[in-house]
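The structure under discussion appears below in the form of structure tokens.
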Amino acid sequence: MAYSPTCNVLAIGLGSLLYGWSETTGVSLLNAGPKDGSWLTSVAFSSEEGGKSILVFGRSNGHIGLLSLFDSMLPRFEAQHQEPIACLSWRPVTKTRPSMNPFNPGVPVPTEDLLVGEEAGDVYYYSVEWPGG
1 MAYSPTCNVL AIGLGSLLYG WSETTGVSLL NAGPKDGSWL TSVAFSSEEG GKSILVFGRS
61 NGHIGLLSLF DSMLPRFEAQ HQEPIACLSW RPVTKTRPSM NPFNPGVPVP TEDLLVGEEA
121 GDVYYYSVEW PGG
């Protein structure tokens with residue numbers, strides 16, 4: 001479970017299903033997940049400072065997905081890890097870095113730092129640039 005003060009939504013993983021809840025809209029399905037028997041293991045929202053409400057979710061099959069509640073509900077980024085995802089954590093503040101976007105190369109942009117921990121003990125670092133929204 002994770003809360004975003006940016007969009008006032010509580011994200012909840014129940015089995016393979018990812019739900020969002022807010023006082024204004026009630027409950028909505030954010031992601032149904034694959035039909036492979038895997039389940040959600042961790043969810044986390046990006047920093048309030050970044051203002052993007054990027055939700056990362058990890059699964060027992062090693063899959064991670066990132067989506068913003070300000071975009072369509074389809075994940076904008078997905079990756080497959082070797083081991084089940086154990087934990088996810090965002091840096092609480094943004095970090096300015098040169099853009100990697102081919103339409104905006106080298107321009108300083110705010111990025112979000114994400115750590116992904118696998119059950120085997122490996123930790124992965126992602127620097128997330130989220131254009132738009």
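Each residue of the sequence shown is one higher than the last, beginning at 1 in the UniProt record's numbering. Glycine included, each C-beta is placed from N, C-alpha and C at the ideal position.
Proximity below 9 Å, CB of residue i to CB of residue j
| i | j | result |
| --- | --- | --- |
| residue 20 | residue 27 | yes |
| residue 65 | residue 42 | no |
Extent of the continuous beta strand (DSSP E) to which residue i belongs
| i | result |
| --- | --- |
| residue 112 | 108-118 |
| residue 41 | 40-45 |
| residue 98 | 95-98 |
| residue 65 | 63-68 |
| residue 80 | 77-80 |
| residue 16 | It is not in any beta strand (DSSP E) - residue 16 carries neither H nor E in the DSSP assignment. |
| residue 29 | 26-31 |
| residue 58 | 54-59 |
| residue 90 | 85-90 |
| residue 127 | 123-128 |
| residue 4 | 2-4 |
Spatially closest choice to residue i from the options, by CA coordinates
| i | options | result |
| --- | --- | --- |
| residue 120 | 16, 11 and 86 | 86 |
| residue 61 | 72, 79, 69 and 18 | 79 |
| residue 88 | 100, 52 and 123 | 123 |
| residue 40 | 31, 98 and 47 | 31 |
Contacts around residue i, its chain only, beta-carbon distance under 8 Å, and the 5 residues preceding and following it disregarded
| i | result |
| --- | --- |
| residue 96 | 108, 109, 110 and 111 |
| residue 68 | 52, 53, 54, 55, 76, 130 and 133 |
| residue 113 | 90, 91, 95, 125, 126, 127 and 128 |
| residue 3 | 9, 10, 11 and 45 |
Short CB-CB distance (under 9 Å) between residue i and chain B
| i | result |
| --- | --- |
| residue 52 | Note that chain B does not occur in the displayed structure, where there is just one protein chain. |
Other residues of its chain near residue i: CB distance less than 6 Å, five sequence neighbours each side excluded
| i | result |
| --- | --- |
| residue 83 | 62, 118, 119 and 120 |
| residue 33 | 16 |
| residue 12 | 1 and 19 |
heavy atom of the ligand FMN below 8 Å from residue i C-beta
| i | result |
| --- | --- |
| residue 25 | With respect to small molecules bound, the structure shown includes none, and the ligand FMN cannot be examined in it. |
Contact set for residue i: own chain, Cβ-Cβ below 7 Å, skip 5 residues either direction
| i | result |
| --- | --- |
| residue 29 | 17 and 19 |
Can we say the segment 70-79 touches the segment 92-112, given the rule of at least three CB pairs closer than 8 Å?
-> Short answer: they don't touch.
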